[in-house]
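Participant: Under this note's numbering, residues 47 to 346 are what the sequence shown spells out, in order. We put the beta carbon where it would ideally sit given N, CA and C, even for glycine. Before anything else, here's the structure in question.
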Amino acid sequence: MTTDPNLRVQIDHQSKHIDIRQSAIQAFLNCPRRFYYEYVLGIEPDYPNKQRPWATVDTGTLFHEMIGAHYLGADPVLAADAYITEQGFHALDPEVAKARELVEVMVYGHIDDIAQDGADVGETTVGVEVPVTGTVKDVNGWTVSIHGRVDRLIETDDGIKIIDDWKTVGPLGSSLGHIQQLGRYAMMLRQEQGWRADRVRTTQVRKVKRTKPGPYYARPWVPLNEDAYKSHAQQLRAVLTGIVDKVTASVDVEDYVFNVTTECDWKCRVQDICLAHQYGDDPEMIVDIHYRPKGQEGTE
């Protein structure tokens with residue numbers, strides 16, 4: 047089986063094995079129809095001249111690249127340059143320059159806030175962008191391998207182990223909206239590496255240029271005991287059961303319900319197809335004209 051879970055769900059019917067990204071699981075929870083198009087059918091917009099426009103997700107990724115470089119002791123500016131270049135963007139493009147200016151304000155402002163508050167005192171970074179894999183067996187007779195990447199692993203002077211997930215947000219909130227994702231990370235790390243997290247948290251940084259009153263960041267966290275790990279395991283198995291039932295049955299797109307979320311406002315990659323379904327247009331024509339298999343070259 048050729049495994050490339052970055053692009054789509056990989057299904058081996060002979061060995062009854064499935065490879066899936068953590069992001070695909072989250073997509074299934076948020077909007078099963080998006081999951082179908084992006085991870086089962088495996089398509090993405092076919093942008094003219096091979097260049098996709100800068101998107102909200104790029105702003106979040108640029109923040110991750112820059113703050114990750116900071117915690118690795120590297121230069122955040124060089125990390126920003128590298129991301130923009132690797133993604134094929136032009137630094138002088140107005141949208142790119144505007145986003146970069148915002149992210150630099152967020153990153154360096156956040157670094158200053160953390161230093162002033164002493165929020166990192168007693169914490170040691172043991173890993174940044176750490177790849178993790180977990181396996182769940184006997185999901186309706188199938189084995190599912192999950193792949194993900196953890197933003198930051200921390201050990202405190204008191205021996206507490208923390209999974210820290212960076213989020214760029216509007217208003218600051220709790221970690222509960224991300225607890226399923228963070229719980230999956232905790233289980234995968236424990237299973238694969240024997241690294242047992244005592245708590246999971248989100249470091250939330252507001253997407254503003256600091257012209258409004260602070261605070262500009264928050265670090266809500268949730269503890270993990272054995273009962274919590276058991277609960278996350280049960281929830282994961284239930285979600286994977288739903289995914290396995292769908293992807294192994296070769297059902298039609300209509301069997302994947304759509305769900306309106308904030309990502310619709312961010313211009314979900316398959317939003318045009320979804321809207322075609324709702325408006326009674328021809329979604330297959332839109333796919334044929336405006337989309338391509340993931341990983342293929344774009345149009346000239």
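How big is the Cα-Cα spacing for residue 152 and residue 112?
Facilitator: About 10 Å.
Participant: Give every residue of the same chain whose Cβ lies closer than 6 Å to the Cβ of residue 301, excluding the five residues on either side of it in the sequence, and list them in chain order.
Facilitator: Excluding positions up to five away in sequence, the list is empty.
Participant: Check this for me: beta carbons of residue 173 and residue 199, under 9 Å apart or not?
Facilitator: Yes, these two residues count as a Cβ contact at 9 Å.
Participant: Please state the DSSP three-state secondary structure of residue 65.
Facilitator: Correct three-state label for residue 65: strand.
Participant: According to the neighbour-count rule (16 or more other Cβ atoms, all chains shown, within 10 Å of its Cβ), is residue 303 buried or exposed?
Facilitator: The residue in question, residue 303, is exposed, as its Cβ has fewer than 16 Cβ neighbours within 10 Å.
Participant: Answer yes if the stretch 57–71 comes into contact with the stretch 317–326, meaning at least three C-beta pairs across the two stretches below 8 Å, and no otherwise.
Facilitator: Output reads no: the stretch 57–71 does not touch the stretch 317–326.
Participant: Please classify residue 347: does DSSP put it in a helix, a strand, or coil?
Facilitator: Only positions 47 to 346 of the chain appear in this structure, which leaves residue 347 out of reach.
Participant: Does the count of Cβ pairs from the stretch 278–289 and the stretch 221–238 closer than 8 Å reach three?
Facilitator: Contact between the stretch 278–289 and the stretch 221–238 is present, because at least three Cβ pairs lie under 8 Å.
Participant: Tell me whether the stretch 104–121 and the stretch 327–339 touch, counting them as touching only if at least three CB pairs, one residue from each stretch, are closer than 8 Å.
Facilitator: Short answer: they don't touch.
Participant: Taking only the alpha-carbon atoms, compute the straight-line gap between residue 317 and residue 117 and give it to the nearest angstrom.
Facilitator: Computed Cα separation, rounded: 35 Å.
Participant: Out of 235, 145, 213, state which residue places its alpha-carbon closest to the alpha-carbon of residue 181.
Facilitator: The option with the nearest alpha carbon to residue 181 is 235.
Participant: When DSSP labels each residue in this structure, what does residue 193 get in the three-state scheme?
Facilitator: Residue 193 falls in the strand class under three-state DSSP.
Participant: Are the Cβ atoms of residue 255 and residue 147 separated by less than 9 Å?
Facilitator: Result yes, Cβ atoms of residue 255 and residue 147 sit closer than 9 Å.
Participant: From what residue to what residue does the beta strand (DSSP E) around residue 351 run?
Facilitator: Outside the displayed span of the chain (47 to 346) sits residue 351, for which this structure offers no information.
Participant: Inspect the beta-carbon positions of residue 251 and residue 214 and report whether they are closer than 9 Å.
Facilitator: Closer than 9 Å, so yes.
Participant: I'd like to confirm the pairing. Which residues does DSSP put opposite residue 57 in its beta bridges?
Facilitator: Looking at the DSSP assignment, residue 57 forms a beta bridge with 64.
Participant: Return the chain-ordered list of same chain residues with a C-beta closer than 8 Å to the C-beta of residue 238, the five sequence neighbours on each side being excluded.
Facilitator: If we look at residue 238 and ignore the five residues flanking it on each side, its Cβ neighbours are 178, 179, 180.
Participant: Find out if the Cβ-Cβ distance for the pair residue 206, residue 245 is shorter than 9 Å.
Facilitator: Yes, the pair counts as a contact, with Cβ atoms nearer than the cut-off.
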